[in-house]
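Trainee: Following this message is one structure expressed as structure tokens.
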Amino acid sequence: MKKIYFSILLLIIISCKQNQNNKTLEPWSKSQLLEPKLLSSNIKSEKDLPKIISIGPGVVIKNSIGIGECRYIENIEKLKSLISSYSKDDQIVLYCGCCPFKNCPNIRPAFTLMNELGFKNHKLLNIKNNIKADWIDMGYQTE
């Protein structure tokens with residue numbers, strides 16, 4: 003448990019330092035970014051629906067589960083509890099949308115946790131600006 007907290011804290015510190023240097027080391031690969039249009043199509047067709055988890059301040063996307071802002075340890079614990087019942091092979095999509103990726107304090111701790119716990123099919127919704135511009139204004143499904 004302490005190891006996870008230390009890892010998350012260390013990642014946040016490293017991320018802040020790298021952002022100051024205009025360099026970014028992200029815990030996800032390019033192939034782990036899911037375009038909003040694709041997720042919207044899956045929701046609309048009700049086929050291949052992943053588990054959708056909001057790790058930000060609100061639940062916006064249809065069929066998603068709200069955890070709360072994962073910059074806070076108590077919400078990381080909620081996420082850990084939720085995913086403990088999931089298979090490591092489940093398709094999981096995390097999203098925040100509070101702000102652009104480069105500034106978001108919620109996505110890195112949550113995605114790092116998924117990596118550390120050995121999940122294999124988790125993705126991050128590619129919300130480049132914010133949830134309003136990249137999801138709501140596009141007319142995609144909301145709660």
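Per my numbering, the sequence shown starts with residue 3, numbered consecutively.
Quick reminder that beta carbons are idealized off the backbone N, C-alpha and C, glycines included.
1. Which of the three DSSP states, helix, strand or coil, is assigned to Ala135?
2. Look up Leu119 in the DSSP assignment and say whether it is helix, strand or coil.
3. May I have the straight-line CA-CA distance separating Lys49 from Tyr74, to the nearest angstrom?
4. Out of Asn65, Asn77, Asp92, state which residue places its alpha-carbon closest to the alpha-carbon of Ala112.
5. Assuming Cys98 contacts Ile109 under a Cβ cut-off of 8 Å, what Cβ separation, rounded to an integer in Å, is found between them?
6. Looking at the strands, I want to know which residues DSSP matches up with Lys125.
7. Given this structure, state the Cα-to-Cα distance separating Lys96 from Leu27, to the nearest angstrom.
8. Tell me which residues share the same chain as Trp137 and place their Cβ nearer than 6 Å to its Cβ, disregarding the 5 neighbours each side in the sequence.
9. Around the C-beta of Met116, are 16 or more other C-beta atoms found within 10 angstroms, so that it is buried, or is it exposed?
10. Which residue from Ser31, Lys130, Tyr88, Ile54 puts its Cα closest to that of Lys104?
11. Output the boundary residues of the beta strand (DSSP E) element that contains Ser56.
12. So, are the CB atoms of Cys161 and Ile57 less than 7 Å apart?
13. In chain order, what residues of the same chain lie with their CB nearer than 8 Å to the CB of Val61, ignoring the 5 residues before and after it?
14. Select from Lys53, Leu127, Pro107 the residue whose C-alpha is nearest the C-alpha of Gln34.
15. Measure the alpha-carbon distance for Pro59 versus Cys106 and round it to whole angstroms.
Mentor: Inspection of the coordinates gives the following:
1. Of the three classes helix, strand and coil, the one that applies to Ala135 here is helix, per DSSP.
2. In this structure, Leu119 counts as coil in the three-state DSSP scheme.
3. Spanning the two alpha carbons is a distance of roughly 33 Å.
4. It is Asn77.
5. So it is a contact: roughly 5 Å between Cβ atoms.
6. Residue pairing by DSSP places Lys125 opposite Val95 in a beta bridge.
7. What sits at residue 96 in the sequence shown is Leu, not Lys. Cα to Cα, the separation comes out at about 18 Å.
8. For Trp137, where only same-chain residues beyond five positions count, the Cβ hits under 6 Å are Pro38.
9. Taking every protein chain shown into account, the CB of Met116 has 16 or more other CB atoms within 10 angstroms, so this residue is buried.
10. The candidate whose alpha carbon is nearest that of Lys104 is Lys130.
11. Counting along the chain, the beta strand (DSSP E) containing Ser56 begins and ends at 53 to 56.
12. Since the first and last residues shown for the chain are 3 and 145, residue 161 lies out of range.
13. Closer than 8 Å at Cβ, skipping near neighbours: Ile67, Gly68, Glu145.
14. Comparing Cα-Cα distances from Gln34 to each of Lys53, Leu127, Pro107, the minimum goes to Leu127.
15. About 11 Å.
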